[in-house]
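Reading through the structure tokens given below for one structure.
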Amino acid sequence: DAMVIQNPRYQVTQFGKPVTLSCSQTLNHNVMYWYQQKSSQAPKLLFHYYDKDFNNEADTPDNFQSRRPNTSFCFLDIRSPGLGDAAMYLCATSRDSSRWVADNEQFFGPGTRLTVL
Amino acid sequence: AQTVTQSQPEMSVQEAETVTLSCTYDTSESDYYLFWYKQPPSRQMILVIRQEAYKQQNATENRFSVNFQKAAKSFSLKISDSQLGDAAMYFCALTGNTPLVFGKGTRLSVIA
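These protein sequences, in sequence, are chains A and B. Positions 1 to 117 (this note's numbering) are the ones given, in order, by the first sequence. Positions 1001 to 1112 (this note's numbering) are the ones given, in order, by the second sequence.
Now the structure itself:
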């Protein structure tokens, strides 16, 4: 089945130690998104890629970076995790991002829960 | 800026009964999409139903239907014949010229 896969499902890191979360998709979608979701809150968009074009949200901290080496994979790098970065990180994909087309439905992965010690 | 407001942090419904979750939004766009997403505990978020703003007819998907009031900027979700598997966090979301903007969610409990 076509899907969005996130690894690992649970990640523990130490304060200040860089960590990378990964996302892969078999849907061949153009757009990939990274969201941060804290407990009992709505997902907050960090950034998204339309193909190779990177779009950073204005309030995403510089501590968060992303890479998309090819269509299928996208990585979230947290350079120096703080205690406030502990959260669920959701990856999502969509065929397109334009409101003019119907293919803007986002498909979500299961998430990676990050714990910072 | 686009905003989505869900005024009910928690709701509960008896199994087999009907429940309505509220959502209001604000956008300056004339063309946009509205969504309801379901996030079960420890499981991934899935799309429940989608409404194109230019369509006047309310979307339906089996037991799920929406009441879309464009002038009032209201987009409520009705779940009929509620089942235990409907227990989850429900997020209302909006997309126009920007990626999805989510509401804060409504946690739905289903009582057997």
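Ideal placement from N, C-alpha and C gives every residue a C-beta, glycine not left out. What you are looking at is a predicted structure, and each value in this text was computed from that prediction instead of being measured.
Buried or exposed by the 16-neighbour rule on C-beta atoms within 10 Å, applied to residue i
i	result
residue 93 of chain A	buried
residue 1086 of chain B	buried
residue 83 of chain A	exposed
residue 1053 of chain B	buried
residue 20 of chain A	exposed
is_contact[residue i, chain A] using C-beta, thresh 8 Å
i	result
residue 1055 of chain B	no
residue 1106 of chain B	no
residue 1095 of chain B	yes
residue 1115 of chain B	Because chain B spans 1001 through 1112 in this model, residue 1115 of chain B falls outside it and cannot be assessed.
residue 1050 of chain B	yes
residue 1100 of chain B	yes
residue 1068 of chain B	no
Own chain, CB closer than 7 Å to residue i, minus 5 neighbours either side, in chain order
i	result
residue 1004 of chain B	1023, 1025, 1092, 1093, 1094, 1101, 1102, 1103
residue 1017 of chain B	1082
For residue i, the three-state DSSP class (helix, strand or coil)
i	result
residue 77 of chain A	strand
residue 1086 of chain B	helix
residue 85 of chain A	helix
residue 1095 of chain B	strand
residue 23 of chain A	strand
residue 1065 of chain B	strand
Close beta carbons around residue i, own chain, < 6 Å, minus the five adjacent residues each side
i	result
residue 10 of chain A	113
residue 1014 of chain B	1111
Minimum Cβ-Cβ distance from residue i to chain B less than 8 Å
i	result
residue 90 of chain A	yes
residue 28 of chain A	no
Neighbourhood of residue i by C-beta distance below 8 Å, restricted to the same chain and skipping five residues each side
i	result
residue 63 of chain A	78, 79, 80, 81, 82, 85
key: Residues within the region 30-55 of chain A neighbouring chain B, beta-carbon criterion of under 7 Å   = 33, 41, 42, 43, 45, 48
key: Members of the region 4-20 of chain A that neighbour chain B once the beta carbon cut-off is set at 7 Å   = none
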